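Below: the structure, in structure tokens.
Numbering (our numbering), first residue to last: 2 to 188.
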């Protein structure tokens with residue numbers, strides 16, 4: 002069926018959701034105009050996100066995403082689990098996310114910026130937090146324009162899920178939506 006659900010009347014099996022695959026690829030082309038260079042041009046594959054989303058029912062869903070990219074450890078490409086997230090909608094205003102969850106700090110900025118394929122956002126480039134981390138997040142819609150996130154995370158990011166001290170980081174943010182292109186966020 003169009004909504005990703007098998008029809009039990011046709012197949013005679015219990016209704017279940019079908020996984021939805023998703024991917025995003027960041028590649029580029031470089032040309033070096035310098036004199037006496039060995040390699041003047043090249044296509045590069047910088048990073049690939051591969052994953053699946055699965056909707057168990059209207060309230061429970063899961064998502065897994067692998068981040069495949071170049072690293073500093075000598076390998077051309079290494080895969081990391083970036084997202085391994087379970088979402089549970091307690092109501093139309095409250096959603097819990099747990100596991101290796103996607104961080105909220107880059108989502109709004111990337112949507113407004115809209116050119117992630119050209120360059121990272123200011124926060125991402127300057128390492129003001131990780132785009133994913135191990136923990137739990139409660140997203141609460143306080144009104145049509147005001148949302149809050151309350152979270153407890155390991156704080157080390159998805160490539161290093163826990164540091165040696167074993168401490169977690171706790172936080173709260175408030176997001177006020179003036180419009181699709183103007184938001185105000187407090188941490």
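Glycine residues also receive a C-beta, built at the ideal position from the N, C-alpha and C atoms.
Bear in mind the structure is a predicted one, so any value in this text is a computation, not a measurement.
Can you tell me the Cα-Cα spacing of residue i and residue j, whole angstroms?
i           : j           : result
residue 66  : residue 181 : 27 Å
residue 79  : residue 29  : 19 Å
residue 64  : residue 100 : 10 Å
residue 45  : residue 93  : 43 Å
residue 189 : residue 145 : Residue 189 lies beyond the range of the chain shown here (2 to 188); nothing can be said about it.
residue 179 : residue 112 : 15 Å
residue 127 : residue 52  : 26 Å
residue 86  : residue 32  : 39 Å
residue 130 : residue 154 : 11 Å
residue 55  : residue 62  : 6 Å
Exposed or buried, which one is residue i when buried takes at least 16 other CB atoms within 10 Å?
i           : result
residue 171 : exposed
residue 84  : buried
residue 138 : buried
residue 104 : buried
residue 160 : exposed
residue 165 : exposed
residue 132 : buried
Are residue i and residue j closer than 9 Å when you measure CB to CB?
i           : j           : result
residue 140 : residue 173 : no
residue 106 : residue 188 : yes
residue 49  : residue 26  : yes
residue 91  : residue 58  : no
Quick one: give me the first and last residue of the beta strand (DSSP E) that residue i is part of.
i           : result
residue 43  : 42 to 56
residue 78  : Counting along the chain, residue 78 falls outside any beta strand (DSSP E), and DSSP gives it neither H nor E.
residue 165 : It is not in any beta strand (DSSP E) - residue 165 carries neither H nor E in the DSSP assignment.
residue 31  : 21 to 32
residue 39  : Careful: residue 39 lies outside any beta strand (DSSP E) and carries neither H nor E.
residue 59  : Residue 59 -> no beta strand (DSSP E), and no H or E assigned at all.
residue 97  : 95 to 103
Strictly by DSSP, which residues pair up with residue i?
i           : result
residue 130 : BP columns for residue 130 are empty, so no partner.
residue 177 : 147, 185
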